[in-house]
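Chains as they are written, first to last, in this note's numbering: chain A, 12 to 245; chain B, 33 to 302.
Taking it in order: structure first as structure tokens, then the write-up.
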Amino acid sequence: MADRLLSVRNLGVAFGSRVVLRELSFEVCSGDCLAIIGPNGAGKTVLLKALQHLIPYQGEVQWSPEARLGYVPQSVAADRELPLRVSELLAAKARVLHLADLEIVQVSSELNLSPEFLNAGIGILSGGQFQKILIAFALLGRPNVLLFDEPTASLDELTEERIYELVHQLQMQKGITLILVSHDLSVVYRYASRVLCLSKARVCMGPPKEIMTPETLEELYGAPPKFYRHIQEL
Amino acid sequence: MCAVGTQKEEWSSSVDAGHIYAILLAGLFAVAAGLVGSVALMKRMVLASDVMSHLALPGLGIAYLLKGNPLVGGGATLLLGTLLVWQLQKKTELATDASIGVVFAACLGIGALVTPNEDLLEALFGNFEKLSLPGFLLGTAAVMLVVAFLFGMKDRLILDLFSPDLAAATGVKVAYLDLGFMLVFSLTILVGLRFMGGLLSSALIIIPAATARQLTGRMAEFVVLASVVSLVSVTVGFLISTLILKTSTVGPTIVIVSVLLFVMSLLKKK
Numbered sequence: 012m013a014d015r016l017l018s019v020r021n022l023g024v025a026f027g028s029r030v031v032l033r034e035l036s037f038e039v040c041s042g043d044c045l046a047i048i049g050p051n052g053a054g055k056t057v058l059l060k061a062l063q064h065l066i067p068y069q070g071e072v073q074w075s076p077e078a079r080l081g082y083v084p085q086s087v088a089a090d091r092e093l094p095l096r097v098s099e100l101l102a103a104k105a106r107v108l109h110l111a112d113l114e115i116v117q118v119s120s121e122l123n124l125s126p127e128f129l130n131a132g133i134g135i136l137s138g139g140q141f142q143k144i145l146i147a148f149a150l151l152g153r154p155n156v157l158l159f160d161e162p163t164a165s166l167d168e169l170t171e172e173r174i175y176e177l178v179h180q181l182q183m184q185k186g187i188t189l190i191l192v193s194h195d196l197s198v199v200y201r202y203a204s205r206v207l208c209l210s211k212a213r214v215c216m217g218p219p220k221e222i223m224t225p226e227t228l229e230e231l232y233g234a235p236p237k238f239y240r241h242i243q244e245l
Numbered sequence: 033m034c035a036v037g038t039q040k041e042e043w044s045s046s047v048d049a050g051h052i053y054a055i056l057l058a059g060l061f062a063v064a065a066g067l068v069g070s071v072a073l074m075k076r077m078v079l080a081s082d083v084m085s086h087l088a089l090p091g092l093g094i095a096y097l098l099k100g101n102p103l104v105g106g107g108a109t110l111l112l113g114t115l116l117v118w119q120l121q122k123k124t125e126l127a128t129d130a131s132i133g134v135v136f137a138a139c140l141g142i143g144a145l146v147t148p149n150e151d152l153l154e155a156l157f158g159n160f161e162k163l164s165l166p167g168f169l170l171g172t173a174a175v176m177l178v179v180a181f182l183f184g185m186k187d188r189l190i191l192d193l194f195s196p197d198l199a200a201a202t203g204v205k206v207a208y209l210d211l212g213f214m215l216v217f218s219l220t221i222l223v224g225l226r227f228m229g230g231l232l233s234s235a236l237i238i239i240p241a242a243t244a245r246q247l248t249g250r251m252a253e254f255v256v257l258a259s260v261v262s263l264v265s266v267t268v269g270f271l272i273s274t275l276i277l278k279t280s281t282v283g284p285t286i287v288i289v290s291v292l293l294f295v296m297s298l299l300k301k302k
């Protein structure tokens, strides 16, 4: 039995009178890849933020003492207009966390970030390159848990594939625990060890094969399960 | 409390220590305004910034009415207003720009109403006059505080500018960093309030930063350049006002010079 890293009990989040999450309880063990799926507005991003104590919540979010979190937000949550180089961004985080300069070198080599790339302004990067920066930023500080919020939204399929391969490699090589929000059900099916589905109607959790049935998906998204058929054909 | 520049007088050709102090502090204000302005521009809080300078107006008006020190009055309402805007910004459910618009109009209205007519022009547009040594030292200390905050918090500010969520996830206390920045912003306005007035002191924070942003895509260059443009605006504006226009109301000239520099910067491609 793997160590329990995260325990969530009766988690609730509301913005004024609008209740986004209600009575949510689940656990995440070391080495898990938990995918959070659900329609827009179900509270997936809100859940990731509550797990990191970034927004007020009710209930209990308990991380084990050895958990070190890295967060990859949706790329729209970052300002790409800033007159900032990649290296300056990474160095700022390293200094805030009092990390050795060597860490930036190590993370850069793990993600194959060239010196030219590090020297580039964040405004000129492509969507895939920018996503890589967000991952590099998250990896500084040696996290053993990565929280990903739709890492491949707005990316083309080939780039999307590369990003997921990268994430999967990180998980394999470093034994990183992943908590992943994704709209891409085929990716969830391929990589997730467990799935948490969130919707206004219901919350369910279990292995992908049990959770991602045509019935559940139709109930969750309110549409016929094209993805499921697609997955079955693979 | 020392009297800081409450005595009105026309700028004369004889220059004494009080004039030198005033000129030096104007230069220091220009540098601080450039630094603070470049961060405000990157934080996209230009509208909020503009309003914050107007928050000084009711206090200025009351001080003139009671024959007190305008900077104490202006500083008091500026501090109150800053805390108010900070609270409004934290509550994302409120339409922040609408709230700020209301605060702005209220401050301008109250300020204009309570300020005696003969002092209204000075409250709105400032007046360049002699400065006492204690006034100069206080102003210098304020500018040093502003510069120390911005350099000390540089890395946290970069993370916050890039993504407040990522900054918070990295352990930065974003709400308090924002408050610190807004207080530093208000302090800069307060230093410039004497000679730029409640309406124009924020202009020197915003316009040179906008000019510098046109000229460079690198953060370090941008911040330094904003200060240089601000200093040039103050120097040229001051010289034109005193030598050619023979007026002690230097604020409008300084603002026009800074706007001209901005227009020139539009001609250059980044």
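Yeah, the Cβ is synthetic: ideal placement off N, Cα and C, and Gly gets one too.
Looking at the strands, I want to know which residues DSSP matches up with residue i.
i	result
alanine 105/A	Beta-bridge pairing links alanine 105/A to no other residue.
valine 156/A	Leu80/A, Thr188/A
glutamate 171/A	BP columns for glutamate 171/A are empty, so no partner.
arginine 96/A	Gly132/A
phenylalanine 270/B	Its beta-bridge partners do not exist; DSSP assigns none.
DSSP three-state call for residue i: helix, strand or coil?
i	result
aspartate 43/A	coil
methionine 216/A	strand
phenylalanine 160/B	coil
alanine 35/B	For alanine 35/B, the predicted structure reports a pLDDT of 41, less than 50, and the residue's modelled location is therefore unreliable. A value from the coordinates is still provided. In this structure, alanine 35/B counts as coil in the three-state DSSP scheme.
leucine 191/A	strand
isoleucine 48/A	strand
glycine 132/A	strand
leucine 32/A	strand
valine 282/B	coil
arginine 250/B	coil
valine 38/A	Per the sequence presented here, residue 38/A reads as glutamate, with valine not at that position. Three-state result, glutamate 38/A: strand.
leucine 87/B	coil
leucine 245/A	Low confidence applies to leucine 245/A: its pLDDT is 44, below 50, so where it sits in the model is not reliable, and the reading given next is rough at best. If DSSP states are grouped into helix, strand and coil, leucine 245/A belongs with coil.
lysine 32/B	With chain B covering only 33 through 302, there is no way to say anything about residue 32/B.
arginine 201/A	helix
serine 120/A	helix
alanine 111/A	coil
glycine 93/B	helix
serine 125/A	coil
Which residues bound the alpha helix (DSSP H) around residue i?
i	result
serine 18/A	Unbroken run through serine 18/A is the beta strand (DSSP E), 15-26; no alpha helix (DSSP H).
arginine 226/B	206-232
tyrosine 53/B	49-74
glutamine 69/A	First-last for glutamine 69/A: 69-74, but that is the beta strand (DSSP E), not the alpha helix (DSSP H).
arginine 245/B	235-247
isoleucine 146/A	138-150
alanine 174/B	165-184
glycine 113/B	102-122
proline 225/A	225-232
proline 162/A	Careful: proline 162/A lies outside any alpha helix (DSSP H) and carries neither H nor E.
threonine 147/B	Element bounds for threonine 147/B: n/a, residue is neither H nor E.
valine 57/A	55-62
leucine 198/B	196-201
Determine, using beta carbons only, whether residue i comes closer than 8 Å to chain A.
i	result
valine 204/B	yes
valine 36/B	Note that valine 36/B scores a pLDDT of 44, beneath 50, so its modelled location is shaky; the value from the coordinates is reported in the next line. Chain A, which has no Cβ nearer than 8 Å to the Cβ of valine 36/B, makes this no.
alanine 144/B	no
isoleucine 132/B	no
glycine 212/B	no
leucine 156/B	no
alanine 242/B	no
glutamine 39/B	Because the pLDDT of glutamine 39/B is 44, which lies under 50, any placement of that residue in the model is unreliable, and the number read from its coordinates should be weighed accordingly. By this cut-off, glutamine 39/B is not an interface position.
methionine 84/B	no
alanine 235/B	no
methionine 176/B	no
serine 259/B	no
Under 8 Å between C-beta atoms, does residue i make it to chain B?
i	result
leucine 16/A	no
leucine 129/A	no
valine 19/A	no
valine 116/A	no
lysine 143/A	no
alanine 88/A	yes
alanine 103/A	yes
glutamine 107/A	The question names glutamine, but residue 107/A in the sequence shown is valine. At least one chain B Cβ lies under 8 Å of valine 107/A.
What are the start and end residues of the beta strand (DSSP E) that includes residue i?
i	result
leucine 209/A	205-209
Inset, instruction - Say whether the region 78-90 of chain A touches the region 153-164 of chain A, bearing in mind that this needs 3 or more beta-carbon pairs closer than 8 Å, one atom from each stretch. - result: Segments in contact, yes.
Inset, instruction - Decide if the region 210-217 of chain B is in contact with the region 270-284 of chain B; the criterion is three or more beta carbon pairs, one per stretch, under 8 Å apart. - result: no
Legend entry - Under 7 Å (Cβ pairs) to chain D, residues found in the region 180-211 of chain A: Of the protein chains in the structure, A and B, none is chain D.
Legend entry - Given 8 Å, three or more beta-carbon pairs between the region 152-170 of chain B and the region 109-120 of chain A: In short, these stretches do not touch, since the Cβ pair count stays below three.
Inset, instruction - Would you check if there are 3 or more beta carbon pairs closer than 8 Å linking the region 51-63 of chain B to the region 184-204 of chain B? - result: no
Legend entry - Cβ contact (3+ pairs, closer than 8 Å) linking the region 90-107 of chain A and the region 54-61 of chain A: The count of Cβ pairs closer than 8 Å, one atom from the region 90-107 of chain A and one from the region 54-61 of chain A, stays below three, leaving the stretches out of contact.
Inset, instruction - Please determine if the region 122-131 of chain A and the region 168-185 of chain B are in contact, where contact requires at least 3 C-beta pairs separated by less than 8 Å. - result: no
Inset, instruction - Count the C-beta pairs between the region 181-197 of chain A and the region 43-53 of chain A that are closer than 8 Å, then say yes if the count reaches three, no if not. - result: Counting Cβ pairs under 8 Å, three or more are found: they touch.
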